[in-house]
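Enquirer: After the structure tokens below, expect a handful of questions from me.
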Amino acid sequence: MAYQPNDTEWQALDLIALAFRPDWKNNKPGPTWFTKTGGTLPHAENFEHCVNALTAYATAQGTNRKRTPDIYPEDGRHWQDTRPLAGPERPGKQPICQDHTAYNADTCPICADEISEGQRTPDQRGKRIRQIVPSPGILTTNALGVND
């Protein structure tokens with residue numbers, strides 16, 4: 377169940393962390409997480425799970441308040457408590473569709489529609505074929521702090 381965020385997703389996680397915790401600015405969360413994890417987040421199921429876990433981690437209060445972002449990639453309640461729930465759209469722990477994260481990869485109805493419309497080949501079912509494009513103006517610096 378390891379998830380490998382792309383460069384844009386790492387930058388987004390960095391910006392989200394700093395939005396919740398500006399005091400982490402000197403820690404440079406993005407590059408630290410990327411280097412420490414080898415580019416993957418081993419406890420994440422998808423990008424939405426990464427964001428939810430980061431939100432829980434960064435907004436923890438009291439004795440659970442985190443002083444550094446460095447422990448975010450490691451296993452903890454922030455991953456366990458934000459794990460996507462099994463349900464009729466996503467039973468069990470089957471792999472999820474990379475483009476439509478509410479569905480299992482092998483039974484995704486949106487992929488099935490796209491296959492029938494010729495927008496996706498059958499071997500692309502459950503795989504990411506869409507490029508994630510951030511809204512213009514949101515990312516003004518990359519994770520290394522260099523202007524784009």
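Sequential numbering from 377 applies to the sequence shown in this note's numbering.
From the three backbone atoms N, C-alpha and C, an ideal C-beta is built for every residue, glycine too.
What is the DSSP secondary structure of Asn480, counted as helix, strand or coil?
Expert: It is a strand residue.
Enquirer: Specify the secondary structure class of Tyr379 as computed by DSSP and reduced to three states.
Expert: In this structure, Tyr379 counts as strand in the three-state DSSP scheme.
Enquirer: Glu379 and Asn422 look like a contact to me (Cβ under 8 Å); what is the Cβ gap, rounded to whole Å?
Expert: The sequence shown places Tyr at residue 379, rather than the Glu named in the question. 6 Å between Cβ atoms; contact.
Enquirer: Assuming Gly502 contacts Cys473 under a Cβ cut-off of 8 Å, what Cβ separation, rounded to an integer in Å, is found between them?
Expert: 5 Å
Enquirer: Quick check: Ala393 and Pro449, are their CB atoms within less than 8 Å of each other?
Expert: no
Enquirer: Just to confirm the assignment, what range does the alpha helix (DSSP H) spanning Tyr433 have?
Expert: 423–434
Enquirer: Hey, out of Ala395, Ala432, Arg504, Ala388, whose CA is closest to Thr458's CA?
Expert: Ala432
Enquirer: Which two residues bound the contiguous alpha helix (DSSP H) that contains Glu490?
Expert: 485–492
Enquirer: List the residues that DSSP assigns as beta-bridge partners of Ile472.
Expert: Asn480
Enquirer: Can you round the beta-carbon distance between Cys426 and Ala420 to whole angstroms, since I take them to be within the 8 Å contact cut?
Expert: 5 Å
Enquirer: Using the Cα positions of Arg504 and His454, report the straight-line distance between them to the nearest angstrom.
Expert: So the two alpha carbons sit approximately 26 Å from each other.
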